[in-house]
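Residue numbers (full-length UniProt numbering): 1 to 240. Below you'll find the structure, written out as structure tokens, and then a few comments.
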């Protein structure tokens with residue numbers, strides 16, 4: 001028996017959102033690249049950046065989760081279309097992670113490269129300029145993360161306590177991912193020493209396979225939303 005109304009919806013949405021967001025953000029894997037591109041920074045500066053990036057990442061995911069569906073509605077994009085397109089994007093990104101993880105690492109390194117120009121400037125103002133772009137967007141929470149968060153938000157129940165519980169569970173998952181980003185980035189140097197690139201790639205591929213399954217499920221749900229009513233309407237004519 002659940003402790004309060006909507007608890008089941010909250011738990012289910014948390015598990016779904018956490019697995020999907022963790023797979024695509026991949027805090028441990030991203031932390032390894034973060035350590036590379038901030039090699040010229042002190043530990044204190046990395047910690048400062050980690051806190052700021054964690055806060056920005058939480059904001060990006062929460063805004064996408066809560067307001068993304070409304071933006072799509074404004075442009076007349078249906079939930080089924082979002083699920084199909086979002087599922088395809090997520091599945092394609094997961095496949096690229098499985099097939100060519102080295103290319104993704106190179107791309108993320110290139111996205112964060114502009115910070116190298118200011119490595120000698122320890123001022124917080126200089127760090128603040130790079131904390132959001134490129135270290136948060138697109139390095140940590142890129143288009144794939146935003147698409148997943150929007151798809152999660154669009155899948156909420158229409159009304160009632162389950163709607164609030166669903167969004168609450170997904171929001172807690174987003175905050176948990178942001179906290180993991182903060183912790184992973186703040187301890188990136190120690191993570192590199194303990195985990196190593198080989199183990200990190202194994203972890204990344206396992207997360208990519210899970211993400212592929214999540215993307216496929218999102219896409220199949222969208223296809224079912226489209227074909228379900230068509231099949232139901234066609235059934236009465238089958239026996240005539």
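Idealized CB from N, CA, C, for every residue including glycine.
Exercise. Just how far apart, CA to CA, sit residue 83 and residue 91?
Worked result: 12 Å
Exercise. What does a CB cutoff of less than 6 Å around residue 36 pick up in its chain, not counting 5 residues either side in sequence?
Worked result: none
Exercise. Can you list the alpha helix (DSSP H) stretches of 4 or more residues lying completely in the region 7-80, in chain order?
Worked result: 7-25, 27-37, 43-74
For this session: Output the boundary residues of the alpha helix (DSSP H) element that contains residue 145.
Result: 143-154
Exercise. Would you report the Cα separation of residue 260 and residue 198, rounded to the nearest angstrom?
Worked result: Any answer about residue 260 is impossible in this case: the structure gives the chain only from 1 up to 240.
Problem set entry | Reduced DSSP category for residue 183 - H, G, I as helix; E, B as strand; rest coil | helix
Problem set entry | Own chain residues within Cβ distance below 7 Å of residue 88, not counting five before or after | 219
Problem set entry | Whole-angstrom distance between residue 188 and residue 151, CA atom to CA atom | 30 Å
Problem set entry | Close beta carbons around residue 31, own chain, < 7 Å, minus the five adjacent residues each side | 184, 185, 188, 191
Problem set entry | CB contact flag (residue 149, residue 226, <9 Å) | no
Exercise. Can you tell which of 62, 24, 181 has the C-alpha that lies nearest to the C-alpha of residue 86?
Worked result: 24
Problem set entry | Contact belief for residue 17 with residue 173 at Cβ below 8 Å, rounded distance in angstroms | 4 Å
For this session: Report the option in 169, 57, 42 whose CA atom is closest to the CA atom of residue 8.
Result: 169
For this session: Output the distance between the C-alpha atoms of residue 223 and residue 99, rounded to the nearest integer angstrom.
Result: 26 Å
Exercise. Which value, in whole angstroms, describes the spacing of the CA atoms of residue 156 and residue 162?
Worked result: 8 Å
Problem set entry | From 57, 127, 49, 6, residue whose alpha carbon lies closest to that of residue 176 | 57
For this session: Between the Cα of residue 94 and those of 20, 233, 13, spot the shortest distance and give me the residue it belongs to.
Result: 20
For this session: Give the single residue among 22, 12, 14 whose Cα lies nearest to the Cα of residue 210.
Result: 22
Exercise. What's the C-alpha gap between residue 142 and residue 45?
Worked result: 23 Å
Exercise. Per DSSP, what kind of secondary structure is residue 231 in: helix, strand or coil?
Worked result: helix
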